Amino acid sequence: MTTEEADRPVALVTGSTSGIGEAVARRLAQDGMRVVVHSRRSTAAGEALAAELGGLYVRADLESEDEARGLAGTALERCGRLDVLVNNAGISRPIPHADLAAATPADWRRLLEVNLIAPWILCTAALPALRRAPGGGSIVNITSHAGVRPKGSSVPYAASKAALNHVTRLLAAALGPEVRVNAVAPGLVDTPMTKDWAEAHELWRERAPMHRPAQPADVAGLVASLVAGSYLTGEVIVLDGGLNLT
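The sequence shown begins at 535 in the numbering used here and counts up one residue at a time.
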């Protein structure tokens with residue numbers, strides 16, 4: 535590692551080979567950070583993106599505690615420092631809210647494991663390095679407006695995001711001033727995963743004051759602002775184009 539590389543802040547962005555995570559990785563790299571790209575499966579895509587951004591790629595299955603801890607450990611070992619953690623990786627499973635029997639204990643366990651417990655593990659594993667970060671470390675959790683309003687693809691999904699929102703506040707209170715912790719709670723984001731959600735797209739076009747869903751770059755811009763700041767902590771910022779006002 536060159537001296538120039540060692541002086542660059544390092545950001546670990548989970549689930550960063552596509553969609554919101556990729557946009558965040560690109561934006562933080564544009565802002566001068568060395569980015570650790572992560573995915574569960576997309577090894578070729580991850581390596582290509584990391585090479586393009588001048589960063590590092592690490593594959594890890596966040597359903598495994600050992601692999602989640604290993605992800606933070608590898609990032610620190612290979613980069614020598616860790617200044618920013620963006621917990622973006624998450625999963626969903628569409629289940630009608632009223633169909634209680636369809637949301638099985640297995641669904642609950644898996645959604646909580648990936649959407650809540652894995653970010654917690656990564657926070658604890660990264661904390662010593664984040665506390666040493668010049669100017670203070672930053673954690674940004676990507677949650678969902680479903681964790682703020684009674685919406686979302688399923689009750690377990692919405693509950694997992696609501697829990698992560700509250701963990702954000704609890705950690706902010708506990709870790710300041712060395713580490714700031716905030717969350718971004720997007721509404722509909724226009725990604726390949728959501729391109730077939732015609733009803734949701736129509737809702738945002740008709741009811742949101744901005745008359746469109748968010749683009750991944752919109753989320754990335756807000757994350758970059760939270761990372762660059764030095765005072766804001768404990769906030770869950772809903773990014774839904776004002777739909778929550780209607």
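Cβ atoms here follow ideal geometry from the backbone N, Cα and C, with glycine treated the same way. This one's a predicted model, so the numbers in the text were calculated from it and none came from an experiment.
Residue environment, residue i, which counts as buried when at least 16 other CB atoms sit within 10 Å
i             : result
alanine 640   : exposed
glutamate 556 : buried
threonine 548 : buried
aspartate 541 : exposed
histidine 679 : buried
proline 684   : exposed
Delimiting residues of the alpha helix (DSSP H) encompassing residue i
i              : result
asparagine 718 : The residue you asked about is not asparagine; residue 718 is valine in the sequence shown. Element bounds for valine 718: not the alpha helix (DSSP H) but the beta strand (DSSP E), 713 to 720.
tyrosine 765   : Counting along the chain, tyrosine 765 falls outside any alpha helix (DSSP H), and DSSP gives it neither H nor E.
leucine 737    : 732 to 741
leucine 656    : 652 to 666
arginine 603   : 599 to 613
glycine 580    : 577 to 587
Alpha-carbon spacing of residue i relative to residue j, whole angstroms
i              : j              : result
isoleucine 771 : alanine 717    : 6 Å
proline 543    : glycine 669    : 10 Å
isoleucine 629 : isoleucine 655 : 27 Å
proline 720    : glutamate 539  : 32 Å
Residue span of the beta strand (DSSP E) that contains residue i, given as start and end
i            : result
serine 694   : Run containing serine 694: none in the beta strand (DSSP E); it sits in the alpha helix (DSSP H), 689 to 709.
arginine 816 : An answer regarding residue 816 cannot be provided, because it is not within the stretch 535 to 780 covered by the chain.
valine 544   : 544 to 547
valine 618   : 618 to 621
glycine 555  : Where glycine 555 is concerned, there is no enclosing beta strand (DSSP E), although the alpha helix (DSSP H) it sits in stretches over 553 to 564.
Short CB-CB distance (under 8 Å) between residue i and chain B
i             : result
glutamate 733 : Reference to chain B is not applicable here, since this structure consists of a single protein chain.
Exercise for the section: Would you check if the segment 687 to 701 and the segment 643 to 650 touch, i.e. whether three or more CB-CB distances between them fall below 8 Å? Expected result: The segment 643 to 650 is in contact with the segment 687 to 701.
Handout entry: Any 3 or more C-beta pairs closer than 8 Å across the segment 542 to 560 and the segment 604 to 623
Key = yes
Problem - At least 3 beta-carbon pairs within less than 8 Å: the segment 727 to 741 vs the segment 696 to 710 - result: Flag = no, the segment 727 to 741 and the segment 696 to 710 do not touch.
Practice task
Examine the Cβ distances between the segment 577 to 594 and the segment 658 to 674 and report whether three or more of them are shorter than 8 Å.
Solution key: no
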